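Inspection log for the structure reproduced underneath, given as structure tokens.
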Amino acid sequence: MRILIDADTIVEILLNRSGIVEKVESLWNVLEEGQIEAYLSDIGADKIRSFAEHISDPISANEIVLTIQKHLQICPVDEMILQHVRLSALEDYESAVEVSCALALDMGAIVTHKPSDFAKANFSIISVGELPERQHLEDQIQSTKSEKSGKNVSLEALENALKEAGRQPMAEPYISEFDDFALLLLL
Numbered sequence: 017m018r019i020l021i022d023a024d025t026i027v028e029i030l031l032n033r034s035g036i037v038e039k040v041e042s043l044w045n046v047l048e049e050g051q052i053e054a055y056l057s058d059i060g061a062d063k064i065r066s067f068a069e070h071i072s073d074p075i076s077a078n079e080i081v082l083t084i085q086k087h088l089q090i091c092p093v094d095e096m097i098l099q100h101v102r103l104s105a106l107e108d109y110e111s112a113v114e115v116s117c118a119l120a121l122d123m124g125a126i127v128t129h130k131p132s133d134f135a136k137a138n139f140s141i142i143s144v145g146e147l148p149e150r151q152h153l154e155d156q157i158q159s160t161k162s163e164k165s166g167k168n169v170s171l172e173a174l175e176n177a178l179k180e181a182g183r184q185p186m187a188e189p190y191i192s193e194f195d196d197f198a199l200l201l202l203l
């Protein structure tokens, strides 16, 4: 899943406001699992840098932004996105930028601590607290789809594929069947 994280959510983390920090910890855990690609608009990154400079020194502010960029990719705001923002029904400019970025990069949702900012958006909005649960459900759905659509490949078919690829089959295989994905990994 690809998501865009609302910059205001990260500002709330920097403020260390009660109620949001606990929810965001679960967000970072989901991001660290690597199953979600997370983005931040470059306007959001600038906002975070500016805010961080007000609560700390410029060097610490830069370190904060670099840490965020380790976990989040930056969505550039270009003329196309700004055109979309001008036509947006959203009253908040930054929220309109984030929706436009998410649409431009074909993301699955925007994650925010304040879904009401996106009430008029015709886009999937997920609260910070809902993301881990939603990701867990999507993982289960993907697992079920894989099980239903996966084909088992016999050991003989695997050995033939290895020979065709110029590789020697294992002398004494320890696994009797492979699915298509495992076969691709071995080739």
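What the sequence shown shows, in the numbering used here, is residues 17 to 203, in sequence order. Ideal placement from N, C-alpha and C gives every residue a C-beta, glycine not left out. All of these numbers come straight from a predicted model, not from anything done at the bench.
Taking C-beta to C-beta, are residue i and residue j nearer than 8 Å?
i	j	result
residue 111	residue 139	no
residue 39	residue 145	yes
Is it right to say residue i is buried, meaning 16 or more other beta carbons lie within 10 angstroms of its own, or is it exposed?
i	result
residue 83	exposed
residue 98	exposed
residue 147	buried
residue 109	exposed
residue 106	buried
When you compare only the Cα positions, how much space is there between residue i and residue j?
i	j	result
residue 76	residue 115	29 Å
residue 132	residue 159	33 Å
residue 204	residue 153	Limits of the chain in this structure are 17 at one end and 203 at the other, which puts residue 204 out of reach.
residue 100	residue 137	12 Å
residue 74	residue 24	20 Å
residue 44	residue 96	30 Å
residue 157	residue 150	11 Å
Suppose the cutoff is 6 Å on Cβ atoms and the five residues either side in sequence are ignored; what does the same chain contact list for residue i look like?
i	result
residue 28	36, 129
residue 18	53, 123, 124
In chain order, what residues of the same chain have a beta carbon less than 8 Å from the beta carbon of residue i, not counting five sequence neighbours either side?
i	result
residue 65	77, 78, 80, 81
residue 90	55, 56, 57, 58, 61
residue 204	The requested residue 204 does not occur in the structure, where the chain is confined to residues 17 to 203.
Using 8 Å for Cβ pairs, my map puts residue i next to residue j. What's the rounded Cβ distance?
i	j	result
residue 68	residue 30	6 Å
residue 47	residue 87	5 Å
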